[in-house]
Amino acid sequence: GVSKNIAVLAGDGIGPEVMVETVKVLKKVGELYGHNFTFKDYKVRSDPAPPIHRWVVLPGPPLRPPGRLRRTCRPPRWPAAKPRMRSCLAPPQWKDCEKNALLGLRKRFKLAVNLRPSKVYPFLSHLCPLKPSIIGTGVDMVIIRELVGGIYFGEHKREGDKAFDVMEYTVEGIRKPMTFAFEAARLRRKKVTVVDKANVLECSRLWREVAREVHKGYPDVELDFMYIDNACMQVIQKPSFFDVVATGNMFGDILSDAASVLPGSLGLMPSASLGDGLHMYEPSGGSAPDIAGKNAANPIAQILSGAMMLRYSFQLEKEASAVEAACETVLRSGKLTGDLLEESERKNAVSTSDIGEAVVKALTA
Ligand code: IPM
Ligand code: MN
């Protein structure tokens, strides 16, 4: 067995509830497969700063000293001109806070490769807003989004009546997510679609060049290109077309939100952000303050994010698949949280902790 340190950042809202269930599941995996997982909690909100609407698992080793990690989790880029905002809880600032904290974490830990899988479970296809004829043979895609470059991290500037946001990419910065996309495709349906705007943007033309170069090392994988506007259409019109999508920071942001609608609930959407050492695993949804503390949230997205940690951080493929299979077993058995039920059936909703227990049980079976 292996020994691993895992930093747990439960965050706000439903974060702590879904995280408890995830840790339960991971502890069971450790027990069943003889691994030694050590969990350490870190505060991801520090009063009186506004809460971060995210919760994450950061696996080591090595764990960063708590102080440094704590500082990193704090919004690192409060508007410098207004230091008094530091202790301000004014609602308009919350959005900035989430943005800054997340972007800060991504940059600090160089989380360059972001994986956002989106799939429709056949037995839950009634939750997908698309017609059965469009779901077709099934939907199972993963969007690989470059996460530390592009227009998000270029210069942002205001000069009187003019504003700039610079989009910048280097070959190196593209090669990383691109190589990951081809590797991922090899283990899947062997198809990479690069999504860009190469009819307009020079950055996109560079993305295509790098894609063709990386493709040479993966002749068994099919490569094609699609403009972002068309890709937004195709995700709705022919979602079964996609296997692995490789794309830049902003296009990935947009396209992954579109794709997140397909499974029927954000509560089913895990994600992974892979860095230069530390990786981060978080559900794609927010902290759902309206149902926080009610034992009603869907923990599946966080549990599946935990499975991605087993796979990508620890190379424990068998264990990762076992967790995914256990989640599937529970969903298939009809044990569903409220987000997966029609209004009229919500009285039958299963609680967060019961889903966690059921996943643990399915693992053992
Ligand atoms: C996401 C979010 C962030 C992004 C925001 C909060 C900055 O939308 O993780 O997709 O745009 O990357
Ligand atoms: Mn987004």
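Numbering follows full-length UniProt numbering, with no gaps: position 191 of the sequence shown is 202. Quick reminder that beta carbons are idealized off the backbone N, C-alpha and C, glycines included.
Where residue i falls, given that 16 or more other Cβ within 10 Å makes a residue buried
i	result
Asn309	buried
Asn47	exposed
Met244	exposed
Ala333	buried
Glu213	exposed
Pro140	exposed
Phe120	buried
Lys173	exposed
Lys358	exposed
Gln326	exposed
Lys118	buried
Pro230	exposed
Asn125	buried
Val232	buried
Gly41	buried
Glu157	buried
Arg127	buried
Gly12	exposed
Val177	exposed
Pro94	For Pro94, the predicted model reports a pLDDT of 22, less than 50, meaning its position is unreliable; a value from the coordinates is still stated below. Counting Cβ neighbours within 10 Å, Pro94 comes out exposed, since fewer than 16 surround it.
Ala336	exposed
His64	The predicted position of His64 is uncertain, since its pLDDT is 43 and thus under 50; no value can be drawn from it.
Leu285	buried
Pro143	exposed
Ala376	exposed
Lys168	exposed
Ser215	buried
Glu28	buried
Leu279	buried
Any non-hydrogen atom of the ligand IPM closer than 7 Å to residue i Cβ
i	result
Asp176	no
Asp23	no
Asp172	no
Leu273	no
Leu217	no
Leu351	no
Asp301	no
Asp287	no
Asp264	yes
Leu122	no
Leu113	yes
Contact under 8 Å by Cβ, residue i with residue j
i	j	result
Leu122	Val159	yes
Thr348	Thr363	yes
Leu273	Val150	yes
Ala257	Ala192	yes
Gly275	Leu351	yes
Gly24	Ala299	yes
Cys338	Val371	no
Lys39	Leu374	yes
Ala209	Val246	no
Gly165	Gly259	no
Glu196	Lys202	The residue you asked about is not Glu; residue 196 is Ala in the sequence shown. Result yes, Cβ atoms of Ala196 and Lys202 sit closer than 8 Å.
His290	Ser324	yes
Met319	Pro281	yes
Ile314	Thr33	yes
Ala222	Val205	yes
Ile292	Ser267	Sequence inspection shows Tyr at residue 292; the Ile mentioned does not correspond to that position. Going by C-beta atoms, Tyr292 is not nearer than 8 Å to Ser267.
Distance cut-off 7 Å: residue i Cβ against heavy atoms of the ligand MN
i	result
Asp52	no
Asp254	no
Asp207	no
Asp268	yes
Integer Cβ distance of residue i from residue j, believed to fall under 8 Å
i	j	result
Ile185	Leu217	7 Å
Tyr44	Glu330	5 Å
Val36	Gly367	7 Å
Asp254	Arg200	4 Å
Phe262	Asp207	7 Å
residue 385	Ala312	The structure shown does not extend to residue 385, since the chain is modelled only from 12 to 376, so the question has no answer here.
Ile146	Ser136	6 Å
Val19	Tyr53	7 Å
Below-8 Å beta-carbon distance, residue i vs any chain C residue
i	result
Met320	No chain C is present in this structure, which holds just one protein chain.
Near the ligand NAD: residue i beta-carbon under 7 Å from a heavy atom
i	result
Pro27	Among the ligands modelled here, namely the ligand IPM and the ligand MN, the ligand NAD does not occur.
(message) So within the segment 173–226, which uninterrupted alpha helix (DSSP H) runs reach at least 4 residues, ignoring any that extend past its ends?
(response) 182–197 and 213–226
(message) List, from N- to C-terminal side, the alpha helix (DSSP H) runs of 4 residues or more that fit wholly inside the segment 311–336.
(response) 311–323
(request) Note down, one range per segment and in chain order, each beta strand (DSSP E) of at least 3 residues found wholly within the segment 214–302. (result) 233–238, 255–258 and 283–285
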